[in-house]
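**Q** Before I ask anything, here is the structure I am working with.
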Amino acid sequence: MSADKNAPSGRAPRGPAACAPWVRTRLRTAPGSSVALAVLVLLTAFLAAAFPRSVDAYETKGLRHDVGSLSPGRSLLEATTPPDGSSLDERADAARREELSRVHGELLGTLPSPVRPDASRSSYGVRTTNPLTASEPYLPRPNAQPPQFTYIAPSALSEHSTLKSGRWPAARGTVTAGTREVEAVVPAETAAALRFEIGSTVAVPTHDGKPLTVRVTGTITPRHPGDAYWSAEPLMRAPSLVADPGQPVPTFYWVAALLLSPDAGPALLSTTGEPELFWHIAPDTTHLTATDAAPLLDAVASLESGPELLKLRDIAGPTVTLSTDLDEILGAHEAMRSAISPVVAVAAAGIGSVAGVVLLMTGGLTAARRHRELSLLRSRGASLAGIGRRLFAETAVLVVPAAALGLLLAVLLVGQARLWPAAVGAGAVAALVCVALPLSTTLQHRRPQLHGARDDLMNARPSRRRTVAELTVLVLATGAVTALRRRGTGSPGGTDLLVSAAPVLVGLIAALLLVRLYPLPLRLASRAVARTRGAVGFLSLARAGRSSASGTLPLLALLVALTTAAFGGSVLAGVADARDAAALAAVGADARISARGDARPVTDRFAEEVRAAGGVRDVAPVQIDYSVVLPPGEGGSESNKGATLVGVDPASYDRLARGTGAGSFPPALLKATGPSAPLPEGAPYSADRVLPAIASPSVAERLGDQPQAIDTLAGDFKVRVVAVRQVTPAVTGSSFLIVNSASLTQRQTTALLVTGDALDAKALKAAARDAGEDFVVRLRSEERESFVDTPVQSGAERIYGAGIVAGAGYALLAVLLSLLRTAPERTTLLARLRTMGLTTRQGRRLLAFEAMPQALLAALGGLLVGWTTIALLAPGVDLVSLALSGARGADVPHTASLRADLWSLALPAIGVVLLAAAVAGVQAWWASRRGSITELRAGDTR
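Note that the numbering used here has the sequence shown beginning at 181, numbered continuously upward.
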């Protein structure tokens, strides 16, 4: 039988071919825009992740630097137990090595987090706290004063030192408080200075009158002299020659330490040296992070006088106390971090805002590119939810890997930081793009739109909602600026986000205001150009006035970016100015050469060598006397307050004062004529000579208008105040008198103030060495570098430098995105106009003139807003902690303010204009290479 052709076969019938996946199809349709979006997200996610990691990194380095800059002896946690009411036998049991070791281990284990002990550098033992005088005849006696010794029985002595001669000390049997002979070693330097030999003995007085004999068995040298083990007790390394404060004349004597066997501690309890038990706990700072600063400060405070101290007393005894200088440096670090963090937060708010606006502009560009495609889908029944899901899928496929890669790059490039803030930053970028792009694109298709509908900027009228929103932003900006000006960037509760966003809010208000004012000059220009014969100007202005729907966002991005760049530049400029002023106040010129305390005269030959050094433009010789006692004031009140006399050559000193901007004066004021002229050699001296003087305000008030007699090392004479100056280069105090050095009877130059653009520091220092060991060369450049002494400062400056670059980059990107959005429309316009006779040159002019109004508006607005923002916020932003951390004393400025920097204001603005012109020129050139038929297709509604 033949088989029935209509019978069903064993295989199922094949269905219709499956459709290509939507995401893959869309990505392959526009690969260029997809790659551009991924790169933008990658860079933005990298910045968002790198910023918190950079802050963490420099704060961590700053904390470790500040703690590590302490001498090991100051950073130690020192627990001590002075004698209590227990019996001598009980105290002897507590002083044995086994018991000390047990307590030491429990103390290390009970320290609160984040205090981490370094057991290898920690020690314990018994020591005398009151130095005891030794009367052995072989010991040296400078000024006939016998030496004094401290006796220490430290742990792990053989592990931290090397035996140079003899043998290690040993304990004979069980040592008790009644033991009367023990062995010890001495440092090699102590042995050499105090003539110790193997077998030398020292008698130590005790309470029962029977001396304790300490026999020297060897000499040692420290393996690591700078380690905490030796720094806790400096006498363990070397002896010291100290002055007796109770003597009217300087009288010196030796103080040193003898190191007993670790088992000999109980023997010291019977001495009169007030012995105590000690535990030196060296902190481990290698694992400290920025987040440990505040908890570490709290933990140290609790150990010194809090609940943790009670735990220590439960272990080591009821009288134990803990002391350290670690809390001082931690408090200073926290104060600096608290002062710098709000300033850095201002940069973060600015860069984050402009990055968010640029990402929203990218969403607008995507919406414009996909408008007709999605309109067609809506007309065929597609739902908004379905379109949104498809857009979210194709966006997430690009954005999530790009953000993850940006996070990975930030983690690899910036170490020593927490991961979760960086992950939050990168995740926020990814979430913004994944949500904003589909949402902004989908919401445009909620209702049908007519083709060719126009939104003319010059005829548009803002709605009431927009007016209310703008007024709300204005109120917020006013409140933020007012708060920042009144109380500064610091806040008792931490960084205030509203205050940090003040520059952004000012830029937002400016953008909204400029958008409202923008139509006015366009209308005026259009009316003027309409009367001219050419069509290019009229068409360009007409084109510039259309499509206002996307006009606010690019302008907002540009203004915020330019304001952020200007603010960052002003911060760096203000920091540089403060350091320059502080260095100049400390040195007085580009270089200062003098002996310590200006105590030795400078020879004429030395002064000529300095003038002949490379780069020296001028030298001002001065004579300084710090010991001038002022006469009583007008009311007869006595005061110990003195003044500094500065004898100067009026001409050279005035040139120095004018060059430094520190109290210049006409040289004729101090001209040595008449009674104040120099006395001829051999002429009789008169104390009634009256010298004209320039005084500080306090000294001028004290001396009054009449001549006053003063006694100085340069002679006795009278002075009359002829001018008052607030500051002067030679001295930094607020009490000084400036006179003509030629009128002084005891003339001698004690300091040289050197000015020059490129001083030869090596030649100056070589000349100073030849003049004498006491002479020192202080350079203004080196003094300026000393003000940057922590990673917190340098890290914050790097962030602001990166903020300037990022702000300028986002500004240029905003211009590019704005022009790309309307690029197809402009290309079609050129094609149509070419069919009407428009030349290529006229096409370039048309596109350039069309782009210039918004570019010029953004550039000029950015300059004005940046300058205004700096002027508004300068009173509330104090940069002293960022600029002058290394400054010490009252001779440096106490404030550092913002200053508008021309380059950070002008360069980004000029770049915006040049980029707009360049893009317009490139587009016109590219459009001229393509045929009009390619652009003017039948049915195209562009």
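Just so it is clear, CB atoms sit at the ideal spot from N, CA and C, and this is done for glycine as well. Please read all numbers here as calculations on a predicted model, not as lab measurements.
Would a C-beta distance cut-off of 8 Å place A535 and L217 closer than the cut-off?
**A** Not in contact: A535 and L217 (Cβ atoms no closer than 8 Å).
**Q** Helix, strand or coil for L748, going by three-state DSSP, please let me know.
**A** According to the sequence provided, residue 748 is Gly. The question's Leu does not apply to it. DSSP places G748 in helix when its eight states are reduced to three.
**Q** Under a Cβ-count criterion, where at least 16 other Cβ atoms within 10 Å of its own Cβ denotes burial, should L564 be classed as buried or exposed?
**A** L564 comes out exposed.
**Q** Can at least three beta-carbon pairs, one atom from the region 770-777 and one from the region 868-882, be found at a separation below 8 Å?
**A** They do not touch, by the three-pair rule.
**Q** Name the one or two DSSP bridge partners that G920 has.
**A** Here residue 920 is Asn; the residue named in the question, Gly, does not match the sequence. BP columns for N920 point to V828.
**Q** Which runs of the alpha helix (DSSP H), 4 residues or longer, sit entirely within the region 967-1031?
**A** Counting only runs of 4 or more, we get 971-1001 and 1003-1015.
**Q** When you compare only the Cα positions, how much space is there between R493 and H284?
**A** Between R493 and H284, the C-alpha separation is close to 12 Å.
**Q** Using 8 Å as the Cβ pair cut-off and three pairs as the minimum, do the region 440-457 and the region 555-572 touch?
**A** Verdict: no, contact absent.
**Q** What is the DSSP secondary structure of L1078, counted as helix, strand or coil?
**A** Coil at L1078, not helix or strand.
**Q** So, V826 versus V802, is the Cβ gap smaller than 8 Å?
**A** It is a contact, given that the beta carbons lie within the stated cut-off.
**Q** When you compare only the Cα positions, how much space is there between H340 and R665?
**A** Approximately 57 Å, taken between the alpha carbons.
**Q** Over the uninterrupted alpha helix (DSSP H) stretch that includes G406, give me the two end residues.
**A** From DSSP, G406 is part of no alpha helix (DSSP H); its letter is neither H nor E.
**Q** Checking 8 Å against the spacing of the C-beta atoms, do A988 and A766 come in under that value?
**A** It is not a contact, given that the beta carbons lie outside the stated cut-off.
**Q** Could you tell me which residues DSSP pairs with D798 in its beta bridges?
**A** Paired residue(s): T935.
**Q** Is the CB-CB distance between T929 and A787 below 8 Å?
**A** Against a cut-off of 8 Å, the Cβ pair of A787 and T929 comes out as a contact.
**Q** Please specify which runs of the alpha helix (DSSP H), each continuous and at least 4 residues long, are wholly inside the region 360-446, giving them in chain order.
**A** Those alpha helix (DSSP H) runs which fall completely within the region 360-446 and span 4+ residues are 368-374 and 408-411.
**Q** What three-state label does DSSP hand K898 in the structure shown?
**A** Reduced to three states, the DSSP call for K898 is strand.
**Q** Could you have a look at S503 and say whether DSSP puts it in helix, strand or coil?
**A** Strand, per DSSP.
**Q** For L343 and P367, what's the separation of their Cα atoms in angstroms?
**A** Approximately 9 Å, taken between the alpha carbons.
**Q** From the DSSP output, read off the bridge partner residues of G453.
**A** Note: G453 sits in no beta bridge, so no partner.
**Q** So, helix, strand or coil for V594, using DSSP?
**A** Note: V594 maps to coil in three-state DSSP.
**Q** Between A938 and L742, what straight-line distance do the alpha-carbon atoms span, to the nearest angstrom?
**A** In a straight line, the C-alpha of A938 is about 35 Å away from that of L742.
**Q** Measure from the alpha carbon of P414 to the alpha carbon of each residue in R395, A437, S555 and P425, then state which is nearest.
**A** Checking every option, the nearest Cα to that of P414 belongs to A437.
**Q** Got a sec? Which residues, its chain only, sit under 7 Å from A548 by beta carbon, not counting five neighbours each side?
**A** The answer, listed in chain order, is R1001.
**Q** Under 8 Å between the Cβ atoms of A1035 and V1093?
**A** Contact: yes.
**Q** Put A889 into one of helix, strand or coil per three-state DSSP.
**A** Looking at A889 - three-state DSSP - the assignment turns out to be strand.
**Q** Is it the case that the region 1045-1060 contacts the region 682-690, given that we only count it when at least three CB pairs across the two stretches are under 8 Å?
**A** Yes: the two stretches touch, three or more of their Cβ pairs being nearer than 8 Å.
**Q** For V809, which residues does DSSP report across the bridge?
**A** Paired residues: G822.
**Q** From what residue to what residue does the alpha helix (DSSP H) around P964 run?
**A** What sits at residue 964 in the sequence shown is Arg, not Pro. Segment R960 to E965, the alpha helix (DSSP H) holding R964.
**Q** Alpha carbon to alpha carbon, how far is R375 from P325? Give it in angstroms, no decimals.
**A** One detail in the question is off: residue 325 reads as Gln in this sequence, not Pro. Straight-line Cα distance between these residues: approximately 16 Å.
**Q** Where does H467 fall in DSSP's three states?
**A** Note: H467 maps to coil in three-state DSSP.
**Q** Can you say whether L1040 is buried or exposed, counting buried as having 16 or more other CB atoms within 10 angstroms of its CB?
**A** When all chains shown are included, L1040 counts as exposed.
**Q** Quick check: what's the CA-CA separation for H387 versus L268?
**A** In a straight line, the C-alpha of H387 is about 12 Å away from that of L268.
**Q** For L250 and I509, which I take to be in contact (beta-carbon distance under 8 Å), what is that distance rounded to the nearest angstrom?
**A** Indeed they touch by this definition, with Cβ atoms about 6 Å apart.
**Q** Is it right to say S521 is buried, meaning 16 or more other beta carbons lie within 10 angstroms of its own, or is it exposed?
**A** That one is buried.
**Q** In its own chain, which residues sit with a C-beta less than 8 Å from the C-beta of R927, not counting the 5 before and 5 after it?
**A** The residues are Q803, G827, A894 and S921.
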